[in-house]
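Below is one structure; the comments refer to it alone.
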Amino acid sequence: MHASRTVHAHGAHDADHAVRLPGEGPGGPLPAPAERVAVAFDGLAAGTGPLTWGQWSLWEAMVRHGSWMPLGGTKALEPGTGLADLAAELRYLVTRYPSMRTRLRFDGGPEPLQEVAGAGEVLLEVHDAPADGDPAATAAAVEAHHRHAPLDAAADWPVRMAVVRHRGAPTHLVVLVCHLATDAAGARTMLREVAERSTAPAEGLQPLDQARWQRSPAGLRQDERALRHHEQLLRSAPLLPSRPLPGPTPPPPGPRYWTGELRSRALGPAAAAVARRTGATPTTVLLALYAVALARATGVNPVVLRPMVGNRFRPGLADVVCMLSQLGLCSVDLAGATLDEAVDRTRRAALGAYKHGYYDPRRFAGLLDRVSRERGPGLDVSRVFNDRRAETPDDGAPVPAAAELRAARAGGGFRWTDRTDRPSERLFLNVEDHPEGVLLSFTADVHHFPAERVEPLLRDLEGLAVAAAHDPAVPSGVH
């Protein structure tokens, strides 16, 4: 039988094998939890093996960026939810999904291993909000604390769960998951199955099985095909100027990587209109608009992009809760294209990126290094595009009038959200859902792309979508 018990301290571990990654955000002081409920699991499949391609891609990014990249957040609980219900939810997570009970093992070899535990305990923290206080504020503080706190990849479980009680009743649940355990698509599967409490066997290849396939003859053939495709693109990619783009001011002192975000009410319906007319997905439309905006901002064409590839279309991987996403590679020639033609060219280029977006990232890194040395300075493939939204079918809603879309543009807003020296890609666009529409979050290395160009780039992308919503002949302006 499984059991839950209250404990008051984390267990010790061998610090010689600890790999501690910082968290994110400002954090803040937090009183010790009122309780720590130990949720036990046992009798589950266990094993040790190499990292998968997706895990390795993300692990390298986490180490380079210096963060365990927490996913998740806080939700308000239904009245009547008990502590036992939440302990059962945590047990469900670690029992059903091997990635939620996976840690890394460092045995002195050149690469870490993934180790799936068959038994153990994971802690559920319980924090009491002041009787006369706001439990939502306490929950926000708990989330900020755990998001900021470092994670030991060898000793800590990848899931952190905490409950906030107010006057004895649970009111909020905080759940944070290390990105190494799952990508956004896997997280959506997890949320759906947790809500349903599905008892059907988890489908698909789990990470240890994936790692074995990737080293099989079929997996090695997939990797070779991907590398050949990538090498062709790297050898034909335009070389960029070695100096940064000119800007109104020299690169500012201080942090090198700046992140700004544009909240747009117009972009979603405008991109949906273009998608409906062209037969492309909204993601492809936004990728095309990003390519056009970059070409207009930099004067460089063709545009080499690295779209995030979910790899969920591959056999046995659709609903696995794990880290599968990898960066693809494509090149789009936009010269003389209308925006509709740009969408079509991007769609064809992106298909190659998706087909070949499942590969050994260590071999790709070696290939990129070799081709960069042979071609000389200026080979830059660090223009990343990541649409984090779930794919949704066209709801058939009428396209807003052009005047409505133009008015909606005025309702959005731009702001800077972060400045850091943590290394990132030179240009990285994240697309996310937002209560007000679509959120574009763009990180730029301001030593190469001036900060003054970030907001104009995002507003140009939005403006292109609005212009193309009702006019298939809008020129891209790329020569």
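Just so we're aligned, residue 1085 is where the sequence shown starts under my numbering, counting upward by one.
Note that CB positions come from ideal geometry on N, CA and C, so glycine has one too.
Nearest candidate by alpha-carbon position, reference residue i, set the options
i: Ser-1191; options: Val-1103, Leu-1524, Lys-1439, Arg-1272; result: The sequence shown places Asp at residue 1191, rather than the Ser named in the question. Nearest C-alpha to Asp-1191: Val-1103.
i: Met-1407; options: Gly-1109, Tyr-1181, Ala-1168, Gly-1217; result: Tyr-1181
i: Asp-1505; options: Arg-1493, Thr-1527, Ala-1491; result: Thr-1527
i: Ala-1129; options: Thr-1186, Pro-1163, Asp-1218; result: Thr-1186
i: Arg-1231; options: Arg-1244, Ala-1238, Ala-1220; result: Arg-1244
i: Glu-1475; options: Ala-1269, Gly-1412, Pro-1335; result: Ala-1269
i: Leu-1513; options: Gly-1436, Trp-1342, Ala-1160; result: Trp-1342
i: Ala-1122; options: Leu-1135, Tyr-1374, Val-1178; result: Val-1178
i: Gly-1164; options: Pro-1242, Gly-1138, His-1250; result: His-1250
i: Asp-1529; options: Asp-1471, Gly-1496, Gly-1521, Arg-1467; result: Arg-1467
i: Gln-1198; options: Gly-1138, His-1229, Ala-1284, Glu-1227; result: Gly-1138
i: Gln-1410; options: Asn-1470, Thr-1255, Leu-1545; result: Asn-1470
i: Arg-1360; options: His-1440, Leu-1275, Asp-1479; result: Asp-1479
i: Gly-1052; options: Ser-1183, Pro-1482, Pro-1335, Leu-1318; result: With the chain represented from 1085 up to 1563, any question about residue 1052 goes unanswered, as that position is not in the structure.
i: Ser-1183; options: Met-1274, Ala-1253, Pro-1461, Gly-1217; result: Met-1274
i: Gly-1462; options: Leu-1524, Pro-1242, Ser-1320, Thr-1132; result: Ser-1320
i: Cys-1414; options: Leu-1174, Tyr-1438, Glu-1287; result: Tyr-1438
i: Asp-1544; options: Leu-1524, His-1532, Tyr-1443; result: Leu-1524
i: Ser-1348; options: Val-1515, Pro-1194, Pro-1482, Val-1483; result: Val-1515
i: Thr-1382; options: Ala-1215, Glu-1546, Asp-1169, Val-1538; result: Val-1538
i: Pro-1507; options: Gly-1133, Arg-1148, Gly-1131, Pro-1134; result: Arg-1148
i: Ala-1535; options: Pro-1334, Val-1483, Pro-1556; result: Pro-1334
i: Tyr-1442; options: Glu-1458, Gly-1460, Arg-1398, Arg-1459; result: Arg-1398
i: Val-1206; options: Pro-1194, Pro-1196, Glu-1173, Ala-1221; result: Glu-1173
C-beta contact flag for residue i and residue j at 8 Å
i: Val-1562; j: Arg-1380; result: yes
i: Arg-1454; j: Leu-1311; result: no
i: Ala-1203; j: Asp-1126; result: yes
i: Ala-1485; j: Ala-1357; result: no
i: Leu-1346; j: Leu-1542; result: yes
i: Gly-1112; j: Ala-1225; result: yes
i: Leu-1257; j: Val-1247; result: yes
i: Thr-1255; j: Ala-1116; result: no
i: Tyr-1176; j: Arg-1309; result: no
i: Pro-1242; j: Ala-1265; result: yes
i: Gly-1352; j: Gly-1497; result: no
i: Gly-1238; j: Arg-1189; result: The amino acid occupying residue 1238 in the given sequence is Ala; Gly does not appear at that position. Cβ atoms of Ala-1238 and Arg-1189: closer than 8 Å.
i: Gly-1436; j: His-1313; result: yes
i: Leu-1142; j: His-1263; result: yes
Burial state of residue i, where buried means 16 or more other Cβ atoms lie within 10 Å
i: His-1094; result: Note that His-1094 scores a pLDDT of 34, beneath 50, so its modelled location is shaky; the value from the coordinates is reported in the next line. When all chains shown are included, His-1094 counts as exposed.
i: Ser-1560; result: buried
i: Gly-1156; result: buried
i: Ala-1118; result: exposed
i: Trp-1140; result: buried
i: Trp-1500; result: exposed
i: Val-1091; result: Note that Val-1091 scores a pLDDT of 34, beneath 50, so its modelled location is shaky; the value from the coordinates is reported in the next line. Flag for Val-1091 reads exposed.
i: Gln-1316; result: exposed
i: Glu-1565; result: No information on residue 1565 is available, as it lies outside the stretch 1085 to 1563 that the chain covers here.
i: Asp-1240; result: buried
i: Ala-1099; result: Reliability of the predicted coordinates at Ala-1099 is poor, the pLDDT of 36 falling under 50, and the value obtained from them is presented with this limitation in mind. Looking at its Cβ environment, which holds fewer than 16 other Cβ atoms inside 10 Å, Ala-1099 is exposed.
i: Ala-1228; result: buried
i: Gly-1252; result: exposed
Those residues which DSSP pairs with residue i across a bridge
i: Glu-1199; result: Thr-1132, Arg-1187
i: Glu-1173; result: DSSP output for Glu-1173 lists no bridge partner at all.
i: Asp-1517; result: Val-1522
i: Gln-1410; result: Val-1393
i: Glu-1488; result: Glu-1488 pairs with nothing; no bridge assigned.
i: Asn-1385; result: Partner(s): none; Asn-1385 has no beta bridge.
i: Val-1468; result: Arg-1390, Phe-1512
i: Pro-1575; result: No information on residue 1575 is available, as it lies outside the stretch 1085 to 1563 that the chain covers here.
i: Leu-1155; result: Val-1261
i: His-1313; result: In DSSP, His-1313 forms no bridge with anything.
Close-in-space but distant-in-sequence residues of the same chain around residue i (CB under 7 Å, 5 per side omitted)
i: Val-1550; result: Ala-1350, Ala-1354, Leu-1489, Arg-1490, Arg-1493
i: Val-1558; result: Thr-1422, Leu-1423, Ala-1551, Ala-1552
i: Leu-1289; result: Trp-1297, Gly-1400, Leu-1401, Val-1404
i: Pro-1106; result: Gly-1150, Ser-1151, Pro-1234
i: Pro-1322; result: Val-1384, Pro-1386
i: Thr-1136; result: Pro-1291, Gln-1294, Ala-1295, Gln-1298
i: Ala-1171; result: Ser-1088, Val-1121, Val-1123, Leu-1208
i: Leu-1548; result: Leu-1373, Val-1376, Ala-1377, Leu-1423
i: Leu-1324; result: Val-1384, Gly-1462, Asp-1464
i: Arg-1396; result: Ala-1269, Ala-1402, Leu-1408
i: Asp-1219; result: One point to set straight first is that residue 1219 is Pro, not Asp, in the sequence displayed. So the qualifying residues of the chain are Ala-1213, Val-1248, His-1250, Thr-1255, His-1256.
Close beta carbons around residue i, own chain, < 6 Å, minus the five adjacent residues each side
i: Arg-1431; result: Ala-1364, Thr-1368
i: Ala-1426; result: Ala-1372, Val-1376, Leu-1418, Ser-1560
i: Asp-1517; result: Arg-1473
i: Thr-1362; result: Asp-1424, Val-1427
i: Gly-1394; result: Ala-1269, Ser-1409
i: Asp-1502; result: Thr-1343
Own chain residues within Cβ distance below 8 Å of residue i, not counting five before or after
i: Ala-1145; result: Met-1153
i: Ala-1434; result: Thr-1368, Leu-1371, Pro-1391, Gly-1412, Cys-1414
Closer than 7 Å: residue i CB and nearest the ligand PLP heavy atom
i: Gln-1294; result: In terms of ligand content, the structure shown is empty, and the ligand PLP therefore cannot be addressed.
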